[in-house]
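Protein chains in written order, with my numbering: chain H, 217 to 495; chain B, 2 to 258; chain U, 233 to 524.
Where is the CB? At the ideal position from N, CA and C, for every residue including glycine.
Since the model is a prediction, treat every value here as computed from it, not as a measurement.
The block underneath contains the structure these notes are about, expressed in structure tokens.
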Amino acid sequence: MMSTYYAGLLADIGILLIGTLSVYVILATGQLSLGNAGFMGIGSYIASFLTVEWHWPLTVALVISALAASMIGIIVGFPALRLKGIYLAIATLGFGEMVRSFFLNFDRMGGSSGYHGMQHISLAYIWLWAAGIFLIVTILERSQLWLELRAVHDDETAAGLVGLNTTHIKVGAFGFGAAIAAIAGGLFAHHYVYIEPGNFGFERSIDFVLAVILGGSTVGAGAVVGAGLLILLPEWLRFLADWRLAAFGVLLILVLLLRRQGILDRPLLAKLTFRSGAW
Amino acid sequence: MVTAAKNGAALTLSGVHKNFGGIRALSDVSITVPEGRIVGVIGPNGAGKTTLFNVITGAFHADSGSIVTAEQIITRWPPHRIARAGIARTFQNIRLFSSMTVWEHLLVAQPRQGASLRNLMPIRWANPEAARRAEDALSFFGLEPYRTAIARTLPYGIQRKVEMARALTSDPKLLLLDEPVAGMNYDEAEDLRALLVGLNQRGLSILLIEHDMTFVMSLCHEIYVLDFGAVIAEGSPNKVRNDPVVLDAYLGAEGAC
Amino acid sequence: MLLQQLVNGLTLGAVYTLIALAFSLVMGILSVLNLAIGELFMLGGYIGFAVIAMHFPLPVALAAGMAGAAILSVVIQKVAYEPLRDAPLVTPMLSTLGFSIILQNVVTNVWGSDPLQLPSEMFDNRVALGSVDIGVMQLVVVGATVALVAIVAYIVQQTSVGRALRAVAESREVARLLGVSVNRVTLVAFLISGLLAGAAGVLISLHYAAITPYIGVDIGLKAIAVMVIGGTTRVFGALIAGPLIGIVEVFTIAYGGSQIRDLVVYGLMILILLLRPQGLLGGSRQDVGPRV
Ligand SMILES: Nc1ncnc2c1ncn2[C@@H]1O[C@H](COP(=O)(O)OP(=O)(O)O)[C@@H](O)[C@H]1O
Ligand SMILES: [Mg+2]
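As structure tokens, then:
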């Protein structure tokens with residue numbers, strides 16, 4: 217029997233992995249989202265509402281919340297087309313903060329005092345979703361569509377000129393990323409069985425981005441490494457007691473300085489999986 | 002009112018203008034590329050040749066005038082639609098995708114197979130047709146040794162080939178080449194010439210910007226001369242070669258060649 | 233009552249202005265979001281507190297807080313930004329986040345996570361102007377802010393350092409061709425940015441007579457909104473936008489419930505980004521397409 221301590225960590229990793237993948241698919245088009253905790257919050261509240269108030273099965277509630285969030289993702293994605301680089305990142309940051317303060321004011325779902333009543337889910341259920349989404353992303357990474365995402369990432373103008381509909385690709389990525397983040401939110405709500413708007417603030421969004429970049433933003437497997445590290449590293453540093461966060465900060469800076477492309481990248485992954493790089 | 006001409010022209014520009022701030026990059030440009038022909042565009046640096054390509058491919062929209070293919074009016078279309086309508090291009094400053102291997106470049110521009118689920122599946126087994134086309138392009142351009150190399154890390158001449166191969170994998174009816182022999186030696190240029198003649202014989206129309214006079218004169222059926230954004234001469238290579246206006250504006254400025 | 237709110241909003245806005253300028257010096261010139269600025273601000277506050285506790289006068293506290301934050305800002309530039317300056321913009325942003333984590337942890341360990349408080353009588357002198365009751369510290373905050381913004385504006389607009397800053401903001405390449413040392417300019421930008429963040433920290437913490445290690449988190453994010461609303465390329469943009477946001481905030485708290493204020497502030501920020509990306513005061517955008 218696994219100790220509850222490790223079970224808790226594994227659950228956190230599973231949820232963070234999903235959130236990380238939600239940033240990964242958006243970043244694959246070159247768009248940096250600092251607001252994915254907003255989509256997570258939306259998914260979290262919708263799924264909780266459906267299971268608690270309407271007694272829907274959780275899986276259905278998750279799918280519905282993902283669809284709703286992806287709709288919002290698409291709505292966010294269109295104006296985002298007008299913005300590039302750091303300005304897009306700042307706008308998504310603003311979106312995330314708006315969602316957070318929306319739920320702070322949304323008394324129907326508890327407002328600032330939070331919302332509860334959800335049924336606790338098993339670790340296996342969380343990882344079923346995490347593994348499923350990871351598998352989907354891994355398959356997608358080898359598809360024609362993903363090549364198109366990467367083309368937009370590398371050179372948006374050239375991508376358009378060789379025949380790719382950059383609008384669809386960028387907005388679609390936002391919609392897909394939002395759906396994934398919403399799943400992370402629904403699982404979070406039913407793991408902790410209590411949510412409050414502060415769970416879905418800027419720090420959560422930045423955690424997702426951090427995990428993507430630490431793990432390696434060019435391969436989906438990087439999200440696994442990043443999510444694992446982000447949860448486990450502070451635990452491994454516990455022996456430093458009060459100084460562990462500082463040590464974490466130092467390690468973070470060191471990894472970025474020594475391996476700016478993240479721990480995993482395409483060449484390393486190819487080596488690890490004994491593939492020639494051709495496919 | 003402009004209608005799509007059924008006159009057998011792969012591309013017709015009529016009265017196209019394009020300004021950048023105060024600079025008149027194109028003024029009243031009318032050009033026709035008959036189907037199955039190789040048409041050249043020459044002119045001094047800054048004449049507006051690249052801008053012409055940008056306006057045709059939708060990178061910028063023309064301020065006025067019309068651009069028409071054999072079937073459609075494409076003047077205000079977005080770039081991707083124009084590309085999908087059968088107009089592919091290369092760039093004067095090579096623009097390859099920085100993260101992609103040569104092989105990936107030969108897949109990325111291929112038209113999707115409808116909206117089917119196949120586009121979401123691994124190409125290798127969901128879309129062997131696309132892989133075969135990429136394979137063809139690879140061997141056609143002799144790029145097999147570079148299959149898994151990141152294209153941007155390869156020698157200049159190879160990069161040019163990758164760019165051209167990428168353009169051709171989108172199955173165009175008209176190919177726009179912006180100074181394709183720049184930086185090539187004589188042998189490479191000769192290879193390219195043979196290759197273009199071959200493509201042309203298979204029915205591809207070509208619009209070509211080039212500084213190398215021998216190359217243009219020996220390859221093109223027809224030549225337009227641009228100077229300060231305006232067409233100052235047009236006609237067969239022979240006619241253009243002997244046009245005093247051209248000698249004056251272009252050859253005079255560049256030194257005879 | 234109304235006037236009182238206005239004065240309170242103005243005080244808060246002054247602090248926003250300073251931090252927003254700290255952000256925009258780095259962001260406008262290097263397109264990098266320095267996520268440690270909130271913590272530089274916090275650190276400035278603690279240093280100011282410590283100096284006041286040693287019974288030094290306020291100007292000394294201000295200078296010490298500014299110097300401390302500026303030194304750290306330069307360290308951040310050397311360690312977290314400079315080696316990563318050709319990396320995608322998210323990478324240096326996260327390395328500055330690393331510094332913000334470190335700073336928060338160190339300050340918590342040194343000064344504790346509970347709020348530090350000054351004896352309340354210390355800066356509690358108030359003057360009555362008609363019906364409005366103004367704390368002397370509020371006057372100091374606003375006065376110091378105006379003075380600092382004026383100095384920064386002078387540096388950016390009138391000095392050769394400022395010309396170099398603006399040249400690099402326009403285009404790194406062109407600046408280099410003009411013989412501007414991009415490295416030095418970057419250093420100056422981080423230096424001034426740190427000075428401003430430190431000043432803001434000292435001023436606000438003495439005004440509230442209290443400080444916690446987490447004070448930088450919320451105000452830092454809000455200051456990003458202020459920077460965007462004012463425009464990243466104009467020094468005076470922040471001088472308008474700071475008080476504007478401060479006053480909007482104070483009024484939404486007073487009349488619309490305290491929670492609605494973030495919705496308003498960030499909503500405004502997004503609107504500005506979409507409709508007027510150059511900010512309220514920014515010049516016109518150049519009408520040039522991308523080079524193909
Ligand atoms: N995106 C642009 N913005 C502003 N001016 C441009 C742009 N593209 C081209 N120009 C200007 O238009 C003119 C024609 O340029 P170009 O078409 O590149 O000439 P060519 O390819 O014949 O050498 C030049 O004066 C150039 O500076
Ligand atoms: Mg050109």
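When you compare only the Cα positions, how much space is there between residue i and residue j?
i, j, result
"Ile-337 (chain H)", "Leu-351 (chain H)", "21 Å"
"Asn-128 (chain B)", "Leu-118 (chain B)", "10 Å"
"Leu-232 (chain H)", "Arg-133 (chain B)", "40 Å"
"Glu-191 (chain B)", "Glu-235 (chain B)", "25 Å"
"Gln-390 (chain U)", "Thr-149 (chain B)", "54 Å"
"Leu-504 (chain U)", "Leu-304 (chain H)", "Reading off the sequence, residue 504 (chain U) comes out as Ile, not Leu. About 12 Å."
"Ala-6 (chain B)", "Leu-14 (chain B)", "Any reading at Ala-6 (chain B) must be qualified, since the residue scores a pLDDT of 49, below 50, and its modelled position is unreliable; the value itself is stated next. C-alpha separation (whole angstroms): 11 Å."
"Phe-54 (chain B)", "Ile-461 (chain U)", "39 Å"
"Ile-479 (chain U)", "Tyr-487 (chain U)", "12 Å"
"Gly-391 (chain H)", "Ile-288 (chain H)", "7 Å"
"Ser-516 (chain U)", "Leu-507 (chain U)", "Caution applies to Ser-516 (chain U), whose pLDDT of 45 falls short of 50 and renders its modelled position unreliable; the model cannot decide the point."
"Ala-121 (chain B)", "Ala-166 (chain B)", "Note on identity: in this sequence residue 121 (chain B) is Leu, with Ala being the wrong assignment. Cα-Cα distance, rounded: 24 Å."
"Gly-47 (chain B)", "Ile-24 (chain B)", "10 Å"
"Val-232 (chain B)", "Ala-374 (chain H)", "27 Å"
"Gly-463 (chain U)", "Gly-312 (chain H)", "21 Å"
"Gly-230 (chain H)", "Ile-342 (chain H)", "6 Å"
"Leu-427 (chain U)", "Val-471 (chain H)", "29 Å"
"Leu-480 (chain H)", "Gly-442 (chain H)", "9 Å"
"Ile-73 (chain B)", "Pro-173 (chain B)", "The question names Ile, but residue 73 (chain B) in the sequence shown is Gln. Spanning the two alpha carbons is a distance of roughly 15 Å."
"Met-101 (chain B)", "Thr-484 (chain U)", "51 Å"
"Arg-523 (chain U)", "Trp-272 (chain H)", "With a pLDDT of 49 at Arg-523 (chain U), under the threshold of 50, the modelled position of that residue is not reliable, and the figure given next carries that caveat. If I take the Cα positions, the gap works out to 54 Å."
Based on Cα-Cα distance, which residue from the options lies nearest to residue i?
i, options, result
"Arg-379 (chain H)", "B:Gly-158, B:Ser-171 and B:Thr-76", "Contrary to the premise, residue 379 (chain H) reads as Gly rather than Arg in this sequence. When only C-alpha atoms are compared, the closest one is B:Ser-171."
"Trp-270 (chain H)", "H:Gly-230, H:Met-287 and H:Gly-333", "H:Gly-333"
"Ser-237 (chain B)", "B:Ser-100, B:Ala-89, B:Thr-13 and B:Arg-38", "B:Arg-38"
"Ala-195 (chain B)", "B:Phe-216, B:Asp-179 and B:Phe-21", "B:Phe-216"
"Pro-413 (chain H)", "H:Tyr-331, H:Ala-457 and H:Leu-243", "H:Tyr-331"
"Ser-238 (chain H)", "H:Met-256, H:Ala-227, H:Leu-225 and H:Tyr-222", "H:Met-256"
"Thr-33 (chain B)", "B:His-106, B:Asp-64, B:Arg-153 and B:Gly-16", "B:Gly-16"
"Ala-360 (chain U)", "U:Ala-470, U:Leu-371 and U:Pro-351", "U:Leu-371"
"Asn-415 (chain U)", "U:Tyr-313, U:Ile-502 and U:Pro-351", "U:Tyr-313"
"Ala-10 (chain B)", "B:Gly-204, B:Val-226 and B:Met-218", "B:Gly-204"
Near residue i, which residues of its chain fall below 6 Å by C-beta distance, leaving aside the five closest residues on each side in sequence?
i, result
"Met-2 (chain B)", "Annotation note: pLDDT 44 at Met-2 (chain B) (below 50); position unreliable, coordinate value reported separately. Closer than 6 Å at the Cβ level, and outside the excluded window around Met-2 (chain B), lies no residue."
"Glu-481 (chain U)", "Arg-493"
"Lys-487 (chain H)", "none"
"Ile-279 (chain U)", "Ala-296, Gly-297 and Gly-300"
By Cβ distance, which residues of its chain are closer than 8 Å to residue i, with the 5 residues on each side in sequence left out?
i, result
"Ile-261 (chain U)", "Leu-397, Val-400, Ala-401, Val-417, Thr-418 and Ala-421"
"Val-374 (chain U)", "Leu-242, Thr-243 and Ala-246"
"Val-239 (chain U)", "Val-364, Ile-366 and Gln-370"
Along the chain, where does the beta strand (DSSP E) containing residue i start, and where does it finish?
i, result
"Ala-231 (chain B)", "231 to 236"
"Val-226 (chain B)", "223 to 228"
"Ile-355 (chain H)", "Here Ile-355 (chain H) belongs to no beta strand (DSSP E); instead the alpha helix (DSSP H) covers 339 to 356."
"Arg-476 (chain H)", "Where Arg-476 (chain H) is concerned, there is no enclosing beta strand (DSSP E), given that its DSSP letter is neither H nor E."
"Ile-43 (chain B)", "39 to 43"
What is the residue span of the alpha helix (DSSP H) that residue i lies within?
i, result
"Asn-357 (chain U)", "Premise fails: Asn-357 (chain U) is in no alpha helix (DSSP H) and is neither H nor E."
"Ala-285 (chain U)", "269 to 285"
"Asn-81 (chain B)", "It should be noted that the sequence gives His, not Asn, for residue 81 (chain B). Taken as a continuous stretch (DSSP letters only), the alpha helix (DSSP H) holding His-81 (chain B) covers 80 to 85."
"Lys-19 (chain B)", "No alpha helix (DSSP H) holds Lys-19 (chain B); the beta strand (DSSP E) holding it covers 10 to 21."
"Arg-203 (chain B)", "Arg-203 (chain B) -> no alpha helix (DSSP H), and no H or E assigned at all."
"Ser-421 (chain H)", "418 to 431"
"Arg-395 (chain U)", "392 to 402"
"Arg-167 (chain B)", "157 to 170"
"Pro-475 (chain U)", "467 to 488"
Looking only at its own chain, which residues have a Cβ that is under 7 Å from the Cβ of residue i, when we skip the five neighbours before and after it?
i, result
"Asn-243 (chain B)", "none"
"Thr-52 (chain B)", "Lys-19, Ala-26 and Leu-27"
"Val-182 (chain B)", "Ala-190, Leu-193, Glu-211, Asp-213 and Phe-216"
"Leu-299 (chain H)", "Ala-307"
Are at least three pairs of beta-carbons, each pair with one atom in the region 83 to 94 of chain B and one in the region 357 to 366 of chain H, less than 8 Å apart? no
Evaluate the contact criterion for the region 439 to 451 of chain U versus the region 265 to 279 of chain U: three or more CB pairs, one atom per stretch, below 8 Å. yes
Evaluate contact between the region 416 to 430 of chain H and the region 304 to 317 of chain U, counting only Cβ atoms and requiring at least three cross-stretch pairs below 8 Å. no
Touch test, the region 139 to 159 of chain B against the region 93 to 112 of chain B, Cβ-Cβ under 8 Å, three pairs minimum: yes
Stretch-stretch touch, CB-based, cutoff 8 Å, three pairs: the region 243 to 256 of chain U with the region 464 to 475 of chain U: yes
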